[in-house]
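Chains A and B, in that order, give the protein sequences.
Each residue of the first sequence is one higher than the one before, starting from 54 at the first, in our numbering.
Each residue of the second sequence is one higher than the one before, starting from 748 at the first, in our numbering.
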Amino acid sequence: MSLTGKILTIYGNMVTAEVDGAIRQNAVAYCRRSDGVRLMSEIIRIRGNRADMQVFELTRGLKAGDEVEITDELLSLELGPGLLGQIYDGLQNPLPLLARKVGRFLEPGHYLPALDRAKKWAFTPVAKPGDRVRAATNLGRVPEGIFDHFVMAPFDLAGEWTVQSVKPAGDYPVDAEVAVLEQGGQTRSVTMIQRWQVRIPLGFYETRLLPTTPLVTKQRIIDTFFPIMLGGTYCIPGPFGAGKTVLQQITSRHAEVDIVIVAACGERAGEVVETLREFPHLTDPRTGKTLMERTIIICNTSSMPVAARESSVYTAVTMGEYYRQLGLNVLLLADSTSRWAQALREMSGRLEEIPGEEAFPAYLESSIARFYERGGVVKLPDGRVASLTIGGAVSPAGGNFEEPVTQGTLKVVGAFLGLSYARSYARRFPAIDPLDSWSKYTGLIDGKKVAGAHAFLKKGKSIYEMMQVVGEEGTAMEDFVVYLKSELLDTVYLQQNSFDDIDAACPPPRQKKLFEMVTEVLAHPFSFTDKEQARDLFFTLTERFRNWNYTAWDTPALKDAEAKIRECLTAGAAQTKEASHA
Amino acid sequence: MRKYYNRIDKIAGNVATLKAGNVGYEELAEVEGRGGRSFAQVIRVNGEDVSLQIFSGTRGVSTGDKVSFLGSAMRFSFSDNLFGRVFTGGGAPRDGRTALSDNLVMVGGPAVNPAVRLMPHRMIPTNIPMIDVFNTLVEGQKLPIFSIPGEPYNELLARIALQAEADVIILGGMGLKYDEYLYFKNRLEEGGAMSRSILFIHTASDPVVECLQTPDIALTVAEKFAEQGKRVLCLLTDMTSFANALKEIAITMEQIPSNRGFPGDLYSQLASRYEKAVVFEDAGSVTIMAVTTMPGDDVTHPVPDNTGYITEGQFYVKGGVIEPFGSLSRLKQLVNGKTRDDHRAIMDGCIQLYAKCREAREKRAMGFEMSGWDHKLLKYGDLFESKIMDLSLNIPLFDALSMCWSILADCFEPRETGIRTNLAEKYWPKKA
């Protein structure tokens, strides 16, 4: 059931058409260029018989008077087995397939099915004829990589239906009928493909739960000091060059979750390319399979049309909700939500809405909140617990955290990992500012001990600042040692060398051990005769800790490295005294 | 059959509005009158009303001028005949030779599918230690030079053009002073590189709309050569002029400004140009180096700020040198692991020590007592500046690395440098 209209105005990626008949807000429409190419669009405002549409493609060549097909369907996704390992654009076009069919460039007007129709999946029925089912009840399952991918009753099912028939175990393509449901004489055929509207949260669960399990990222500064939890939300704001994207990439590699969805939203194509070229060659230590098999990339880079950028974060979060519905722990990394907000701003400007702060629309904050609220831990009807964690990078203009996107985000997330210029310029990576950042979650290590270590950082910073004013000679020995201790904690614990195979990922037992050793140093009562001697001992200590960080776990070499650190502490003072006088 | 319109309803800024039918969005038009002929592009269609952005400006345009539409968006001739040629920002010959009309290609087409991109993986040696050692340039990278007027950024750009390996050099000049244009031309001719260069030059006295076209034409040509398998180096200077031209048009079109008068889509506009940097899976590459002058030396100004988020790092040229802090080539990790095993350690170690040297200098300036450690740092800083940071140096990468080791050995004990023990053992110069 579709209507046709005529184009009245074209301005950038906004087109206004005149339509007679009932129009649905957010319905999909196609603008037909005079050469027959159909450009996908979405209706975003209706005034009388005029529909304003955002076009998901370049509008070059459209003319006033060109035809518009208006459908009755809202922007929606195809969900089912085969999403994992894929690279989609913001409208769920599979990009590698598109390249094979259309060539190097993203020519407008080509739309391909998201799921491969030729591939067959080994289906095992779970439901039997006569079973009573509701929307999202499991009817069968197919293996997708290492996961059981459940084939569920359609999400748009109303009320209780009866299973009339289920196909026996066997190999079927995604669009084959695997079951038939019945209600009051009506029957409905079920395939492995579900459709869901991206702007509406997908969730058929009993209750939402409080996040309680830490999400291990193997980054010490995160896991120990600013932890994230499965089903939680966090944001990474930072000026350019501070390493937001690198941090997101490290997280996507090492995070202990089942599935990672990377939404490259308005960012550089190069970063997506790094992920999509490297992941197929990296092994996931948890499963032994390649990382790509647990990853979905949604990629709408900065040079791709801006309207599709706006919808791409919803595409990503909907897929996240879908895999959560399958009982898995999903991590969604959105990079960057600021580009998404800018897409909102561009459209709002074209719609001539009254602008809010920095010309962002007034609904910016509520849009951000709704997005993050789609994450969470849920208890599914069959008792399993699953989660969707959302981590968003924010790119504040001028690196100023006071701007609307950062502020709107801070209100709704559970952890704030603020990156700083200063740390990045001093090559202290990951450049998360240990004094500005916060987390409301509890991590791997006892909160009290962490608070104690954190206090050292604060104290060290203020002593350092004082030293800038009164000089080293004006600083008491006691304070100077506190400063050196805080520097040690920063250098060997907070900083991590992502290029070292071992130091790049620090698993929980290793973090606990290192934390124990470092806190021992923090508590150690050193006595020095002069500052040179103190500095000298800490140089040695730092170097030995570093070597410990570079040495493999559970090896004799690690024991040696630990012994060398202890040497510094016990024989310590006297020995270094000799060394410095030699 | 071309249809002529001879009634313009409204002229404001560089935009003229008239009534016309069957006109495509972004279609090219020609405006002809007493003031001469100029191309124009459709930038808004509102029913019958069509707004045209006139390339040579609206000065002297009459409401009675003749307007005709050419039936397609802007195109430019692409062939090997382009080599050695100089064009205006709008694509007309600037060198007095004939205009080209063979093999027309569409200017500013759709984006490259990320799936056919390759990860940049080849270093572009420049023999400038501050670039090769600390911020390696990589083929397919997009990298801006942030600077302020008066700094030698164009000289640096010209040196990179001559010293870096590239099959094709394309220069897009926006808002250039006439002498700067001549400087580039002379340097390329002297260096014998003119025969593989193509210049698109918009000077400060040319119409502002042509400034908007310059990067599009330059990058379209670059992309086409890359599709033929060539390694293209595209130099753009100055992107701030381009952004200012965008602002001018946006204000004329009554768009709501977002930040200091710039349109809300500044990021997307800049990104769609910079994102032309690419390494094709089965063809050549485009590398972009672009100058962005920072108004008032303010990096938070919308133009450098948005640029920084788009590009893969940035060079700050300040005080005649590439600033070691802040300057960053984000792609260097992709290549500097394969050069020599000490490359990364030297890169991080030297910069960390130089940062500490600056702290020591501050301390000295404030009159504090200098410790033995401070004196070491001060000595190191002076050596580092004269032997490594100087932009006029012309030494290959490995020699530069050895130079760094010898400077370190002159000033420090191995463990003071924070460099991994096994590397220091291998490379630390043995005292004679």
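All C-beta atoms, glycine included, are put in the ideal place defined by N, C-alpha and C.
What residues are listed by DSSP as bridge partners for Tyr1014(B)? Here residue 1014(B) is taken as the residue at index 267 of the second sequence, counted from 1. Partner(s): none; Tyr1014(B) has no beta bridge.
Cβ of Tyr141(A) within 8 Å of Cβ of Leu150(A)? Against the first sequence, residue 141(A) aligns to sequence position 88. Against the first sequence, residue 150(A) aligns to sequence position 97. The answer is no: Cβ separation not under 8 Å.
The beta strand (DSSP E) that contains Trp249(A), what's its start and end? Here the question's residue 249(A) lines up with position 196 in the first sequence. Where Trp249(A) is concerned, the enclosing beta strand (DSSP E) stretches over 247 to 250.
Assumed close pair Ala171(A), Pro226(A) - CB separation to whole angstroms, cut-off 8 Å: For the purposes of this step, residue 171(A) is taken as residue 118 along the first sequence, with counting starting at 1. For the purposes of this step, residue 226(A) is taken as residue 173 along the first sequence, with counting starting at 1. Confirmed, about 7 Å.
Tell me which residues share the same chain as Gly429(A) and place their Cβ nearer than 6 Å to its Cβ, disregarding the 5 neighbours each side in the sequence. If you number the first sequence from 1, residue 429(A) lands on position 376. Around Gly429(A): Arg261, Gly284.
Could you work out which residues of chain A lie near Arg864(B), taking near to mean beta carbons separated by less than 7 Å? Reading the second sequence from its first residue, position 117 is the one you call residue 864(B). Per Cβ cutoff of 7 Å: Ala322, Val326.
So if DSSP puts Gly223(A) in a beta bridge, which residue, or which two residues, is it bridged to? For the purposes of this step, residue 223(A) is identified with residue 170 of the first sequence, where counting begins at 1. In the DSSP output, where bridge partners are listed per residue, Gly223(A) has Phe176(A).
Would you give the residue range spanned by the beta strand (DSSP E) that Ser129(A) belongs to? Walking along the first sequence from the start, residue 129(A) turns up at place 76. Its beta strand (DSSP E) spans residues 129 to 132.
Tell me, please, which residues DSSP counts as bridged to Val859(B). Counting from one through the second sequence, the residue named residue 859(B) turns up at place 112. DSSP lists Phe158(A) as partners of Val859(B).
Buried or exposed, going by whether 16 or more other CB atoms sit within 10 Å of the CB of Ala937(B)? For the purposes of this step, residue 937(B) is taken as the residue at position 190 of the second sequence. It is Glu, not Ala, that sits at residue 937(B) in the sequence shown. Result: exposed.
Who does Tyr83(A) pair with in a DSSP beta bridge? The residue labelled residue 83(A) in the question sits at position 30 within the first sequence. The partner list for Tyr83(A) (beta bridge, DSSP) reads Met93(A), Glu122(A).
Measuring alpha carbon to alpha carbon, tell me which of Val366(A), Arg403(A), Glu374(A) ends up nearest Arg392(A). Taking the first sequence and counting its residues from 1, the one referred to as residue 392(A) is at position 339. The shortest Cα separation from Arg392(A) among Val366(A), Arg403(A), Glu374(A) belongs to Val366(A).
Output the boundary residues of the beta strand (DSSP E) element that contains Thr459(A). Position 406 of the first sequence, counting from 1, holds the residue named residue 459(A). Element bounds for Thr459(A): not the beta strand (DSSP E) but the alpha helix (DSSP H), 457 to 463.
Does the segment 344 to 363 of chain A come close enough to the segment 419 to 427 of chain A to have 3 or more Cβ pairs within less than 8 Å? no
Answer yes or no: does any C-beta atom of chain B fall closer than 8 Å to that of Gly256(A)? Mapped onto the first sequence, residue 256(A) falls at position 203. Cβ-Cβ to chain B under 8 Å: no for Gly256(A).
Out of Arg437(A), Val438(A), Gly323(A), Asp337(A), state which residue places its alpha-carbon closest to the alpha-carbon of Leu1081(B). Here residue 1081(B) corresponds to residue number 334 of the second sequence, with the count starting at 1. Of the listed residues, the one whose Cα sits closest to Leu1081(B) is Gly323(A).
What's the gap between the Cα of Tyr751(B) and the Cα of Tyr772(B)? To locate residue 751(B), count along the second sequence from 1; it is residue 4. To locate residue 772(B), count along the second sequence from 1; it is residue 25. Cα-Cα distance, rounded: 18 Å.
Chain A contact for Trp1175(B) (CB, 8 Å cutoff): For this step, residue 1175(B) is matched to residue 428 along the second sequence. Judged by the 8 Å Cβ criterion, Trp1175(B) is not in contact with chain A.
List, in order along the chain, the chain B residues whose C-beta lies closer than 7 Å to that of Ile140(A)? On the first sequence, residue 140(A) is found 87 positions in, with the first residue counted as 1. The contacting residues are Ala862.
Where does Asn793(B) fall in DSSP's three states? The sequence position of residue 793(B) within the second sequence is 46, counting from 1. Asn793(B) falls in the strand class under three-state DSSP.
CB-CB under 7 Å to Asn66(A), same chain, minus the five flanking residues each way: which ones, in chain order? As a position in the first sequence, residue 66(A) is number 13, starting the count at 1. Here the set comprises Gln107, Val108, Thr112, Pro358, Val359, Ala360.
Cβ pair Ile1180(B), Asn828(B) closer than 8 Å: Absent from the model: residue 1180(B). The displayed extent of chain B is 748 to 1179, so no value can be given.
In whole angstroms, what is the alpha-carbon distance linking Val1026(B) and Leu1078(B)? In the second sequence, residue 1026(B) corresponds to position 279, counting from 1. In the second sequence, residue 1078(B) corresponds to position 331, counting from 1. Taking the straight line from one Cα to the other gives about 13 Å.
Interface residues of chain B around Tyr646(A) at Cβ under 7 Å? Nothing about residue 646(A) can be read from this structure; chain A reaches only from 54 to 635.
Does chain A have any CB closer than 8 Å to the CB of Ser1139(B)? As a first step, residue 1139(B) is located in the second sequence; it is residue number 392 there, counting from the start. Chain A contact via Cβ: absent.
Check the Cβ-Cβ distances between Gly513(A) and every residue of chain B, and say whether any is below 8 Å. Here the question's residue 513(A) lines up with position 460 in the first sequence. Closer than 8 Å: no.
Should the segment 924 to 938 of chain B be regarded as contacting the segment 989 to 997 of chain B, the criterion being three or more beta carbon pairs within less than 8 Å? no
Please list the segments of the beta strand (DSSP E) lying wholly inside the segment 919 to 954 of chain B, counting only runs of 3 or more residues, in order along the chain. 944 to 950
Taking DSSP's pairing of strands, which residues face Phe816(B) in a bridge? Residue 816(B) sits at position 69 when you count from the first residue of the second sequence. Bridge partners of Phe816(B): Ala776(B).
C-beta neighbour in chain B for Asp73(A), strict 8 Å: Your numbering for residue 73(A) matches position 20 in the first sequence. Not one chain B Cβ lies under 8 Å of Asp73(A).
By DSSP's criteria, Ser218(A) is part of a beta bridge. Which residues make up the other side? As a position in the first sequence, residue 218(A) is number 165, starting the count at 1. Looking at the DSSP assignment, Ser218(A) forms a beta bridge with Val233(A).
Do Leu980(B) and Ile916(B) have their C-beta atoms closer together than 8 Å? As a working mapping, residue 980(B) is identified with position 233 in the second sequence. As a working mapping, residue 916(B) is identified with position 169 in the second sequence. Their beta carbons are under 8 Å apart, which means Leu980(B) touches Ile916(B) by this criterion.
His507(A) to Pro487(A) span [Cα, whole Å]: Along the first sequence, read from residue 1 onward, the residue named residue 507(A) stands at position 454. Along the first sequence, read from residue 1 onward, the residue named residue 487(A) stands at position 434. So the two alpha carbons sit approximately 8 Å from each other.
Going by C-alpha to C-alpha distance, which of Ser1019(B), Val968(B), Phe1062(B) sits closest to Leu851(B)? What you label residue 851(B) is simply residue 104 of the second sequence in a count that begins at 1. The option with the nearest alpha carbon to Leu851(B) is Val968(B).
Pairwise C-alpha distance: Glu71(A) and Gln788(B): The residue labelled residue 788(B) in the question sits at position 41 within the second sequence. The residue labelled residue 71(A) in the question sits at position 18 within the first sequence. When rounded, the distance between both Cα atoms is 25 Å.
Ile1098(B) in three-state terms, based on DSSP: Counted from its first residue, the second sequence places residue 1098(B) at position 351. In this structure, Ile1098(B) counts as helix in the three-state DSSP scheme.
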